[in-house]
Ligand code: GLA
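The structure is reproduced here in structure tokens:
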């Protein structure tokens, strides 16, 4: 659906007015490599998708905020002086959480607005549909208020909305990627300092294929928090080797060889090993991409998945089956799970001549082995949050 059609639906929903609505868009994201690294202070390499969330906004005179969507049934109506007083457990908590964080930072939403969302990202697939809603709301409301639109600050306040209002303890990667993506580029983000650079993602005759396992992501929040606690436990123990340690990802793989005996609990040691090696793989991936060595990048993707499966233990049978089947296709250079894990999506780098075979064969074999129907998106890298021209 294009912006014009979504605007038409907005008018059907909220009616005509002399004031023209404005239209904003934020993408979803796929993480290319660097999984479970953001809250460990290291490097990640996500990229914005070509699909995301479109937001149509129009000011109202009566101090009421109305929220509706083309694809989710719940709606909300809130007076501006009651923002954040109620949590509903529905998608509208994301924009409301952003409004709360805007107010905390000195940008209160003091006017009424009609806000209408159109989401193209499958929910719960690990492609950051929630970060996309948060970031497009922050960007849209700052724009409507005539404020500066600093996309790093928007990422931070969106993450704060998710941590504080929605109650999910995520890191910064998703919101950052959605806010700061750039067409045909990945984002190399240092999660401790938030320094970042755009790395050209030119894959020539190779395509990114995202595979949705359609496995519901059970227990993701509790397991995610458990992994964070295990990383904190590893960090505490490793401070006996290196007192000034702030984050696990500060340790190099060779330092880890010297320090690892301090981690007597095998599970905690495995978690730390994943983090330290995955962080190094991100930097190696940037080198490989810069040298146009896609074979090497694919190899690193494979190692990343194996480590998430065996050491960090955030994969699941469905993700593993899809990755195994993906790797059987001759034109696949690499395949891995992407995002938090426990369900959600895989990402593979596949030669364009083999994409059709990939989608058919991986789809058939995945269904035969799991009883679930996978879905595949062949997609390029899109822009970060932006205002779409409104005519
Ligand atoms: C989820 C979180 C991110 C990040 C990834 C794992 O997507 O929201 O902050 O931790 O998991 O890399």
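In the numbering used here, the protein residues as written are 15 to 405.
Every residue gets a Cβ at the ideal spot worked out from N, C-alpha and C, and that includes glycine.
A quick note: this is a predicted structure, and the numbers were derived from the prediction, not measured.
So, at 7 Å on beta carbons, what are the nonlocal neighbours of residue 87 in its own chain, with the 5 sequence-adjacent residues on each side left out? none
Bridge partners for residue 199 per DSSP, in chain order? 196 and 214
Are residue 222 and residue 112 close, meaning C-beta to C-beta below 8 Å? no
Between residue 301 and the ligand GLA, is the CB less than 7 Å from at least one heavy atom? no
Taking the alpha helix (DSSP H) that residue 336 falls in, what are its first and last residues? 331-342
When you compare the stretch 310-330 with the stretch 281-289, are there three or more beta-carbon pairs, one atom per stretch, that lie closer than 8 Å? yes
Go ahead and label residue 33 buried or exposed: buried means 16 or more other beta carbons lie within 10 angstroms of its beta carbon, across all protein chains shown. exposed
For residue 374, which option in 348, 343 and 137 has the closest C-alpha, if you only look at C-alpha atoms? 343
State buried or exposed for residue 240, treating a residue as buried only when at least 16 other CB atoms are found within 10 Å of its CB. exposed
Can you look up residue 104 in the DSSP assignment and give me helix, strand or coil? coil
Under 8 Å, do residue 187 and residue 41 count as touching if we go by C-beta distance? no
Go to residue 352, then tell me how far its beta strand (DSSP E) extends in each direction, as first and last residue. 346-352
Where residue 290 falls: helix, strand or coil (DSSP): helix
Exposed or buried, residue 119, counting other C-beta atoms within 10 Å across all chains shown (16 or more means buried)? exposed
Quick check: the Cα distance between residue 142 and residue 190, rounded to an integer number of angstroms? 11 Å
Look up residue 384 in the DSSP assignment and say whether it is helix, strand or coil. helix
Between residue 135 and residue 152, which are expected to be in contact by the criterion C-beta below 8 Å, what is the C-beta distance as a whole number of angstroms? Residue 135 to residue 152, Cβ: 17 Å. No contact.
7 Å Cβ shell around residue 154 - same chain, five flanking residues per side excluded: 38, 69 and 71
Sequence-distant residues of its chain with Cβ nearer than 6 Å to residue 211 (five each side left out): 202
DSSP state of residue 121, grouped into three classes? coil
Looking at residue 184 and the ligand GLA, is the gap between the Cβ and the nearest heavy atom below 7 Å? yes
What do you reckon, is the C-beta of residue 49 under 7 Å from a heavy atom of the ligand MG? You won't find the ligand MG in this model; what it holds is the ligand GLA.
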